[in-house]
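K.L.:
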Amino acid sequence: MNHPNELSTIKSLLGDALAEKPGSYIIDEIFDRFPTMQELMNVTEFELLSIKGVGKIKARQITAALQLARKLGRPTNTIPQIIRRPQDAVDLLMPELRYLQQEHFVVLFLNTKNHLIGQPETLSIGSLNAAIVTPHMVFRTAVKRSAASVLVCHNHPSGDPTPSPEDIQLTKRLVESGNIVGVDVLDHLVLGDGRYVSMKEQGLM
Numbered sequence: 001m002n003h004p005n006e007l008s009t010i011k012s013l014l015g016d017a018l019a020e021k022p023g024s025y026i027i028d029e030i031f032d033r034f035p036t037m038q039e040l041m042n043v044t045e046f047e048l049l050s051i052k053g054v055g056k057i058k059a060r061q062i063t064a065a066l067q068l069a070r071k072l073g074r075p076t077n078t079i080p081q082i083i084r085r086p087q088d089a090v091d092l093l094m095p096e097l098r099y100l101q102q103e104h105f106v107v108l109f110l111n112t113k114n115h116l117i118g119q120p121e122t123l124s125i126g127s128l129n130a131a132i133v134t135p136h137m138v139f140r141t142a143v144k145r146s147a148a149s150v151l152v153c154h155n156h157p158s159g160d161p162t163p164s165p166e167d168i169q170l171t172k173r174l175v176e177s178g179n180i181v182g183v184d185v186l187d188h189l190v191l192g193d194g195r196y197v198s199m200k201e202q203g204l205m
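The numbers in the sequence shown follow full-length UniProt numbering, run straight up by one, and end at 205.
#1: Could you tell me which whole beta strand (DSSP E) segments of length 3 or greater appear in the region 43 to 123?
#2: Have a look at glycine 182 and serine 198 and give me their C-alpha separation to the nearest angstrom.
#3: Look at the alpha carbon of asparagine 2 and the alpha carbon of glutamine 202, and state the distance between them as a whole number of angstroms.
#4: So, under 8 angstroms CB-CB, leucine 18 and isoleucine 62 are touching, yes? Tell me the CB distance rounded to an integer number of Å.
#5: Let's test the definition: count the other Cβ atoms within 10 Å of the Cβ of glycine 23 and tell me whether it reaches 16, buried, or not, exposed.
#6: Under the DSSP definition of a beta bridge, which residues are partnered with histidine 154?
#7: In whole angstroms, give me the CA-to-CA distance for leucine 170 and leucine 189.
#8: According to DSSP, which residues form a beta bridge with isoleucine 125?
#9: How would you call phenylalanine 46, buried or exposed, if buried means at least 16 neighbouring beta carbons within 10 angstroms?
#10: In whole angstroms, give me the CA-to-CA distance for arginine 98 and isoleucine 180.
#11: In angstroms, rounded to a whole number, what distance separates the CA positions of lysine 172 and histidine 136?
#12: The beta strand (DSSP E) spanning valine 133 covers which residue range?
#13: Exposed or buried, which one is serine 12 when buried takes at least 16 other CB atoms within 10 Å?
#14: Name the two residues that bound the continuous beta strand (DSSP E) containing serine 198.
#15: Helix, strand or coil: how does DSSP classify serine 164 here?
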């Protein structure tokens, strides 16, 4: 899915970084070859080198500008970060996860007051449509951090956040395991492109 406002902002950012006008050959060529936000945010220096007029230095400037664009899309975090509702977790994770081309399984670890303990942790990176994760991986890390509860999340690179049967099955296993070790699973969020599904809100856990 394309986001015209975001694309035009990034076009301006790249123009400034490269001292090129927004309509220059290099800028236009980048957006012709990588027309979606997902493709653009995952571009490599090697791919950029195939564009006429782009050498190693320019390629590094472009990837650095795109990393900056990603960071600018993240909310400014106040410490401690409190997760009161699914949207709080979505606001935190969506800028990072929405453009990824593989499934990432991320866990937020919370204390008894729902304050985030440390940074969200990516426990697994999967193929285009599968992230392999086990309850053991989740709760081993939760116990290490002395977490009272966890909120788990993964992205669907297709952009459609509809949970799969495997997602629902994994969630049930996580809830059961959490009950055994004394760590609550607050929710399992599935993030698409700017959209999300809360399994708790959908009654799937």
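Just so you know, even glycine gets a beta-carbon here, dropped at the ideal spot from N, CA and C.
The structure presented is a predicted model; accordingly, all values stated were derived computationally and were not measured.
P.N.:
Short version:
#1: 104 to 110
#2: 22 angstroms
#3: Here asparagine 2 scores only 48 on pLDDT, less than 50, and its place in the model should not be relied on; the value that follows carries that caveat. Roughly 27 angstroms separates the two Cα atoms.
#4: 7 angstroms
#5: exposed
#6: Here histidine 154 is bridged, per DSSP, to Phe105 and Val190.
#7: 12 angstroms
#8: The partner list for isoleucine 125 (beta bridge, DSSP) reads His104.
#9: exposed
#10: 33 angstroms
#11: Rounded to whole angstroms, the gap between the alpha carbons of lysine 172 and histidine 136 is 14 angstroms.
#12: DSSP places valine 133 outside any beta strand (DSSP E), giving it a letter other than H or E.
#13: exposed
#14: 196 to 198
#15: coil
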